[in-house]
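Chains as they are written, first to last, in the working numbering: chain A, 1 to 149; chain B, 150 to 744; chain C, 745 to 833. Glycine included, C-beta positions come from ideal geometry on N, C-alpha and C. As the structure is a prediction and not an experimental result, all values here were calculated from the model. One structure is given here, and the rest of the page talks about it.
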């Protein structure tokens, strides 16, 4: 008979935005739920930042957020620079990207990660909510069904 | 169907291009290798030296054309290439190989270049490592002059099809400058940096471009659909509809903005917020640019650089009066009733000097050029004046004389013009009573004695590019001093004021046709200094007209007054930057990347 | 023969523009001029040589001059380096 499964590390969560939005969201969540375990990364890109430098910072941030089970990146706006840069790191199942981030979404994501859901499952959870402004990138590149409700 | 994929790189030229990939790979090329008989070695050395010499001339000639087309600072790239040809560190190893290995020059050049290029690429400093591309470019030119056909470097002339996005390992400056812009709409390279010359040229051409894209060549295949995002530095391979939609939206936005600027531009002369009319005309070099003048809503042509008609063909050749008249007439007709200011040949200096001047000048920039050259070659000059007068009835022609250094030259030109007029009239050809004759104020002596010149001309045109150069004693194409070239230097500003006052006193119009007019902040300053007529590249006309409508002359005058009390160009530029935040909020200064 | 140690002070070190200025300055003298860095000696009149030194800010270079105008040559090159190649930083 098999023993209890080895606990898997939770999926990493990383917020990405123009300006201070990402850090502000993170701070807000940590204050709203101060007793819940699990931090999230926040990368705020300067408005004047050169894209190639931002891309390098993003790469480091993704690596830092990944605890072994992959990462879900939440970006502020599909089509904005942060989202465009993030798409180069898309790796369905391991690095997922969801755009159009908001507070309720992040609180839910944190809960899902705590439950041990995979990166793909977490990303899909938001897609199924069917909000027009929200896009799960895996769907764009011919990933699992239901890219747009 | 390939999976959609995006790659990040360095954005070097803004805009979005959606097209089809054409791969441009410099394959490992092999120069032919021949072993020489010992007695043939000296001859081979000589052949090499001659190839270096002719390569040098070709590069200098390219530099001259690029200078006329894009501006002297772009020509600096090619002057730097020419410098490599004089460097023992390049020539020495080649000669050594020819002698020691008794091998042909093509092979020696390829081998020596490969070794040097390798050493450059290994350098930690990226900016210096980028010079490897320049070196490669020069070596290929020398090999071509040696008759080496094995260089299978794809030539731009061979590209077929439309909406092409060039995907390459890297682009040399020679390649970049020859890109057919009607068919290539963008490019991406695996190598290269923001300061590589291809990047600089991409910006001046307005071609979206991204460089330094890791894994580009292994990810993009021939004919793949590709999107180049010159804003974020992203290259997409086979993007799906969602992503394409995003870029189409962005392109539509940009096109809308440009169209609205153009529409407002075409509507007529720009009037400032406090009711002062500002005329914005276009600088052109080729008759084919007349379409741009109309499309971008310029109020006419403020400077038609007539010498370029012949320089562009590569070998200078003065066509007869009838051929010239046909070209001038065509331009005048298509633009009528808008005025067209045609500048008589500004040859000499770095433009086609050897062919026309017939000698190697020590200091071409200060030598026989402009009106001096025209006066020294009376047949050539009279032919052009005849052609201009013959064409004059077709529209509103004004004749501008370059490089005037004193009123004496103006009087001589007017005398010749009157003689030519009489001759033409005698032949029964209709000629207007008088054609306005103006002097280009670009030599300091002319600026300082503008009060003596103004009474004898019908208009004045400030050529601030050369005026800045001569006043500050800085050769703009000389890389070692080009940072000292500052049109916002107090000396230049004071000369501008002097010329404006002289024009006012003599009641003659004065216009400004230097590149500084196209810079929004400097434009504001110039309006404040009293300039009301401007001329610049056609593409910058809509933006400047839009700015003109947003500013007031009284604000501009206040800024100018403050600027005139400052002591250095840096102070002026800082003042303008500050004022621009309030007065020119819509204009964001693009990040300057030095060449 | 004169030898003098120079230290690069400008932010970009011996980059393309600075190297070009140095070559122009050196070319005016008939003396043989070289710059050495960590044992690598290059002709100061060769732009390629100077670039390959890849000397950044803070690097110490040994300037050697030999010939009839060696003193003037050393002074000229030294001043150019001290002036940070007339760059703003």
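Checklist line | Contact set between residue 787 of chain C and chain B, taken where Cβ atoms lie within less than 8 Å | finding: Neighbours of residue 787 of chain C on chain B, chain order: 237, 238.
Margin query: If the criterion is Cβ atoms closer than 8 Å, does the pair residue 496 of chain B and residue 522 of chain B meet it?
Written below: If you check the CB distance, residue 496 of chain B and residue 522 of chain B come in under 8 Å.
Margin query: If I measure Cβ to Cβ from residue 255 of chain B and keep anything under 7 Å in the same chain, skipping five residues before and after, which residues do I get?
Written below: Excluding sequence positions up to five before and after residue 255 of chain B, its CB lies within less than 7 Å of the CB of 180, 181, 292, 295, 297, all in the same chain and listed in chain order.
Margin query: Measuring only the C-alpha atoms, how far is residue 589 of chain B from residue 489 of chain B?
Written below: Near 15 Å, if we compare the C-alpha coordinates of residue 489 of chain B and residue 589 of chain B.
Note to self: Tell me the residue span of the alpha helix (DSSP H) that contains residue 527 of chain B.
What the structure shows: If you look at residue 527 of chain B, you'll find it in the alpha helix (DSSP H) that goes 527–540.
Next item on the list: For the stretch 380–397 of chain B, enumerate the residues whose C-beta is nearer than 8 Å to any C-beta of chain A, in chain order.
Entry: Shown in chain order are the members of the stretch 380–397 of chain B whose Cβ falls below 8 Å from a Cβ of chain A: 380, 381, 382, 383, 389, 391, 392, 395.
Notebook entry, point to check: Can a CB atom of chain B be found closer than 8 Å to the CB of residue 811 of chain C?
Noted result: Cβ-Cβ to chain B under 8 Å: no for residue 811 of chain C.
Item checked: Neighbourhood of residue 793 of chain C by C-beta distance below 6 Å, restricted to the same chain and skipping five residues each side -> Correct list, in chain order: 786, 787.
Next item on the list: Measure the C-alpha to C-alpha separation of residue 642 of chain B and residue 600 of chain B and round it to an integer number of angstroms.
Entry: Across the structure, residue 642 of chain B and residue 600 of chain B are spaced so that their CA atoms are roughly 17 Å apart.
Margin query: For a quick check, are the C-beta atoms of residue 669 of chain B and residue 733 of chain B less than 8 Å apart?
Written below: With contacts defined by Cβ atoms closer than 8 Å, residue 669 of chain B and residue 733 of chain B form a contacting pair.
Next item on the list: Please name the residue or residues paired with residue 598 of chain B in a DSSP beta bridge.
Entry: Residue 598 of chain B is not bridged to any residue.
Next item on the list: Specify the secondary structure class of residue 166 of chain B as computed by DSSP and reduced to three states.
Entry: Secondary structure at residue 166 of chain B: strand, using DSSP grouped into helix, strand and coil.
Item checked: Cα-Cα separation between residue 462 of chain B and residue 83 of chain A, rounded to whole angstroms -> Bear in mind that the predicted position of residue 462 of chain B carries a pLDDT of just 47, short of 50, making it too unreliable to give a figure here.
Margin query: Considering only the alpha carbon of each residue, which of B:252, B:245, B:230 lies closest to residue 281 of chain B?
Written below: Looking at the Cα atoms, B:230 is the closest of the given residues.
Notebook entry, point to check: Sorted by chain position, which residues of the same chain lie with C-beta nearer than 6 Å to residue 257 of chain B's C-beta, five sequence neighbours on each side aside?
Noted result: Cβ within range, chain order: 243, 246, 247.
Notebook entry, point to check: Can you find a C-beta in chain B that's less than 8 Å from the C-beta of residue 61 of chain A?
Noted result: False, the Cβ-Cβ gap to chain B never drops below 8 Å.
Checklist line | As assigned by DSSP and simplified to three states, the class of residue 467 of chain B | finding: When secondary structure is reduced to three states using DSSP, residue 467 of chain B falls in the coil class, being assigned neither helix nor strand.
Check: At what residue ranges does the stretch 343–430 of chain B contain a whole run of the beta strand (DSSP E), taking only runs of 3 or more?
Finding: Here the runs fully enclosed are 358–360, 374–378, 383–386.
Notebook entry, point to check: Do the stretch 85–96 of chain A and the stretch 369–386 of chain B meet, that is, are 3 or more Cβ pairs less than 8 Å apart?
Noted result: Three or more Cβ pairs drawn from the stretch 85–96 of chain A and the stretch 369–386 of chain B lie within less than 8 Å of each other, which places the two stretches in contact.
Margin query: So, under 8 Å CB-CB, residue 758 of chain C and residue 752 of chain C are touching, yes? Tell me the CB distance rounded to an integer number of Å.
Written below: Correct: roughly 6 Å between the Cβ atoms.
Next item on the list: Report the residue ranges of all alpha helix (DSSP H) runs contained in full by the stretch 68–93 of chain A; include only those spanning at least 4 residues, in chain order.
Entry: With a minimum length of 4 residues, the continuous alpha helix (DSSP H) runs that stay inside the stretch 68–93 of chain A are 81–86.
Checklist line | Bridge partner(s) assigned by DSSP for residue 454 of chain B | finding: Answer is B:492, bridged to residue 454 of chain B.
Notebook entry, point to check: At a CB-CB cut-off below 9 Å, which residues of chain A make contact with residue 160 of chain B?
Noted result: Within chain A, the residues whose beta carbon sits less than 9 Å from that of residue 160 of chain B are 50, 51, 52, listed in sequence order.
Next item on the list: Could you tell me the distance, in whole angstroms, from the CA atom of residue 417 of chain B to the CA atom of residue 401 of chain B?
Entry: Computed Cα separation, rounded: 25 Å.
Next item on the list: Please state whether DSSP places residue 12 of chain A in a helix, a strand or coil.
Entry: Note: residue 12 of chain A maps to strand in three-state DSSP.
Margin query: On the CB-based measure, 16 or more other CB atoms within 10 Å of its CB, does residue 835 of chain C come out buried or exposed?
Written below: Chain C is shown from 745 up to 833; residue 835 of chain C falls before or after that span and cannot be answered.
Item checked: residue 778 of chain C in three-state terms, based on DSSP -> In the three-state reduction of the DSSP assignment, residue 778 of chain C falls in the strand class.
Item checked: Short CB-CB distance (under 8 Å) between residue 361 of chain B and chain A -> Yes, residue 361 of chain B lies at the interface with chain A (some Cβ there is under 8 Å from its Cβ).
Next item on the list: Could you spell out the range, first to last residue, of the alpha helix (DSSP H) harbouring residue 266 of chain B?
Entry: Segment 254–270, the alpha helix (DSSP H) holding residue 266 of chain B.
Notebook entry, point to check: What is the rounded straight-line gap between the Cα of residue 823 of chain C and the Cα of residue 648 of chain B?
Noted result: Rounded to the nearest angstrom, the two C-alpha atoms are 38 Å apart.
Check: Would you call the CB atoms of residue 439 of chain B and residue 702 of chain B closer than 8 Å?
Finding: Residue 702 of chain B is positioned such that its CB atom lies no closer than 8 Å to that of residue 439 of chain B.
Check: Alpha carbon to alpha carbon, how far is residue 113 of chain A from residue 342 of chain B?
Finding: So the alpha carbons of these two residues sit roughly 40 Å apart.
Note to self: Does any residue of chain B have a CB that is nearer than 8 Å to the CB of residue 835 of chain C?
What the structure shows: Nothing in the structure corresponds to residue 835 of chain C, since chain C is present only between 745 and 833.
Next item on the list: Decide if residue 827 of chain C is buried, meaning its Cβ has at least 16 other Cβ atoms within 10 Å, or exposed.
Entry: An exposed status is given to residue 827 of chain C, since fewer than 16 other beta-carbon atoms sit within 10 Å of its beta-carbon.
Next item on the list: Pull up the DSSP beta-bridge partners for residue 208 of chain B, would you.
Entry: BP columns for residue 208 of chain B are empty, so no partner.
Notebook entry, point to check: If you drop the 5 nearest sequence neighbours on each side, which residues of the same chain put their C-beta closer than 6 Å to that of residue 473 of chain B?
Noted result: In the same chain as residue 473 of chain B, and ignoring 5 residues on each side of it, the C-beta atoms closer than 6 Å to its own belong to 536, in chain order.
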